[in-house]
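Visitor: To convert, count from 1 in the sequence shown and add 97; that's our numbering.
First the structure, then my questions, so here it is.
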Amino acid sequence: MSSLPRRSFLQLAAGAAAAGICPGCGMRRAFAQANPGGARRRVEVDGKRVRVVDVHCHCVIPEALAVVEGTPLEKRFRAGLDSKLNNPSMEDRIATMDAAGIDVEAMSINEFWYGADRDLARRLIDVQNENLATTCKASNGRLPGFASVALQFPELAAEQLEVGMKQLGLVGGAIGPTVEGEELSSPRFDPFWAKCEELDALLFMHPQDSAVATGVDKRLRGKGYLDNTIGNPLETTIALSHLIFEGTFDRFPTLRLCASHGGGYLASYADRSDAVCETFPFRCKDVTLKKKPTEYLKQIYVDSLVFTPEALRHLAAVVGPDHVMVGTDYGFNWSKDPASLVLSTPELSPDDKVAILGGTAAKLLRLPA
Numbered sequence: 098m099s100s101l102p103r104r105s106f107l108q109l110a111a112g113a114a115a116a117g118i119c120p121g122c123g124m125r126r127a128f129a130q131a132n133p134g135g136a137r138r139r140v141e142v143d144g145k146r147v148r149v150v151d152v153h154c155h156c157v158i159p160e161a162l163a164v165v166e167g168t169p170l171e172k173r174f175r176a177g178l179d180s181k182l183n184n185p186s187m188e189d190r191i192a193t194m195d196a197a198g199i200d201v202e203a204m205s206i207n208e209f210w211y212g213a214d215r216d217l218a219r220r221l222i223d224v225q226n227e228n229l230a231t232t233c234k235a236s237n238g239r240l241p242g243f244a245s246v247a248l249q250f251p252e253l254a255a256e257q258l259e260v261g262m263k264q265l266g267l268v269g270g271a272i273g274p275t276v277e278g279e280e281l282s283s284p285r286f287d288p289f290w291a292k293c294e295e296l297d298a299l300l301f302m303h304p305q306d307s308a309v310a311t312g313v314d315k316r317l318r319g320k321g322y323l324d325n326t327i328g329n330p331l332e333t334t335i336a337l338s339h340l341i342f343e344g345t346f347d348r349f350p351t352l353r354l355c356a357s358h359g360g361g362y363l364a365s366y367a368d369r370s371d372a373v374c375e376t377f378p379f380r381c382k383d384v385t386l387k388k389k390p391t392e393y394l395k396q397i398y399v400d401s402l403v404f405t406p407e408a409l410r411h412l413a414a415v416v417g418p419d420h421v422m423v424g425t426d427y428g429f430n431w432s433k434d435p436a437s438l439v440l441s442t443p444e445l446s447p448d449d450k451v452a453i454l455g456g457t458a459a460k461l462l463r464l465p466a
């Protein structure tokens, strides 16, 4: 593949750069160890090649800097752009994919603009989505993208999602679990959910500033990077629980939402959500759901970033194997060998493995056969 101009380069999320990590380098080394020789790894189930689709991959659009300069968003955005490290080109990203046996990576941008005014949000999203779409088209199908949306303005977000999918060729939308402290279960966001159903769009949910968003920032200080280790899954867990208990999934039964990091902690202790209203009925007198809370987990999609075969087995048992998709968190070296994690989970049937590796994602993202 020939080199692309700078505008087509994808720079990774600010956290990696600020921490002095070469984005993607550790991942490529880990994948290369699993696939010596450097050739594109072939992933098979029962001797048949399987397409592997990764739904959890980070990127940043450099062209957005011109929009955020001189605004409250600039400092947060510059953290990634000011790194002296060489950020990965499309060639580097695809080389990492080849080593891992990943055929397609659906890219998304972590939201940092939910506090922006309407004009700034509109201009920023236009630049991000247009440039992301350009890069996607140049990748020959390897790198589809999720549209960014200004969710603080639900009607505008609905418009941006529609333009992104219908005009720019993006494959769904990317959102955070809260909007400046407001839960997504608020009826204010219903116009956006309605548009998602109309477009049959897959939404990828990823947390941002979780320690603050969950209100436990002081407790998460100290060793262990707890604002990420605990905070990110916790924010997702809270968001999904609100969407369940406050009836959002009842109002929008065909909403397609994929929650990162295995959907947080919800699947690990799901039955407590059923038991709470039996134990404390007076606390649930205003809860009027059409199903038991755990049944809504079959409506939620999650990624596979849970690290061990036993964790993946349990996750698939709770949400259904056809609702789990590969997620690597590309740009951060969380996932050492995502395909082998799926293949080494013995309780999964061959059909289950095909679905998790890429079958489900290919359908939801409408990837060509």
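For each residue, glycine too, the CB sits at the ideal point set by N, CA and C.
1) If you check the beta carbons only, do G270 and A298 fall under 8 Å apart?
2) Between the C-alpha atoms of A197 and R239, what's the straight-line distance to the nearest angstrom?
3) Should the segment 398–409 be regarded as contacting the segment 350–369, the criterion being three or more beta carbon pairs within less than 8 Å?
4) Just tell me which of D448, A235 and I272 has its CA closest to the CA of G144.
5) Excluding five sequence neighbours on each side, which residues of the same chain lie with their C-beta closer than 6 Å to the C-beta of Y393?
6) Could you check the C-alpha separation between A192 and D368 for me, to the nearest Å?
7) Leaving out the 5 sequence neighbours to the left and right, which residues in its chain are closer than 6 Å to D195 when beta-carbon positions are compared?
8) With 8 Å as the threshold, decide whether the Cβ of G144 is near any Cβ in chain C.
9) Within 10 angstroms of its Cβ, does N329 collect 16 or more other Cβ (buried), or is it exposed?
10) If the criterion is Cβ atoms closer than 8 Å, does the pair L300 and I327 meet it?
11) What are the start and end residues of the alpha helix (DSSP H) that includes V439?
12) From L296, F349, G278 and V439, pick the residue whose C-alpha is nearest to that of S307; which is it?
13) Hey, out of D151, P159 and E188, whose CA is closest to K460's CA?
14) Is the beta carbon of P435 less than 8 Å from the beta carbon of V423?
15) Do the CB positions of H303 and S441 come within less than 8 Å of each other?
16) Let's see if you can read the secondary structure: which residues bound the alpha helix (DSSP H) around C355?
17) Give the range of the alpha helix (DSSP H) segment to which V149 is assigned.
18) Using the rule of at least 16 other Cβ atoms within 10 Å of the residue's Cβ for burial, across every protein chain shown, is N226 buried or exposed?
19) Around the Cβ of P284, are there at least 16 other Cβ atoms within 10 angstroms (buried) or fewer (exposed)?
20) So V149 packs on L454, CB below 8 Å; how close in whole Å?
Guide: Let's see:
1) The beta carbons of G270 and A298 sit closer together than 8 Å.
2) Cα to Cα, A197 sits roughly 13 Å from R239.
3) The segment 398–409, when compared against the segment 350–369, does touch it at the 8 Å Cβ threshold.
4) Ranking D448, A235 and I272 by CA distance to the CA of G144 puts D448 first.
5) Excluding the 5 residues flanking it on each side, Y393 has same chain C-beta neighbours closer than 6 Å at I341 and F346, in chain order.
6) Cα-Cα distance, rounded: 42 Å.
7) For D195, where only same-chain residues beyond five positions count, the Cβ hits under 6 Å are R137.
8) In the structure shown, chain C cannot be found, because there is only a single protein chain.
9) The residue in question, N329, is buried, as its Cβ has 16 or more Cβ neighbours within 10 Å.
10) In this structure, I327 does not lie closer than 8 Å to L300 by Cβ.
11) Taken as a continuous stretch (DSSP letters only), the alpha helix (DSSP H) holding V439 covers P435 to L440.
12) It is G278.
13) Across the set D151, P159 and E188, the C-alpha of D151 shows the shortest separation from the C-alpha of K460.
14) Annotated as proximal: P435 and V423, with beta-carbon spacing under 8 Å.
15) In this structure, S441 does not lie closer than 8 Å to H303 by Cβ.
16) Annotation for C355: no alpha helix (DSSP H) segment contains it, though the beta strand (DSSP E) segment containing it runs R353 to A356.
17) Note, V149: premise wrong, no alpha helix (DSSP H); not H, not E.
18) With 16 or more other Cβ atoms inside 10 Å of its own Cβ, N226 counts as buried.
19) Counting of Cβ neighbours within 10 angstroms places P284 among the exposed residues, the total staying below 16.
20) The beta-carbon separation of V149 and L454, rounded to 5 Å, stays under the 8 Å limit for a contact.
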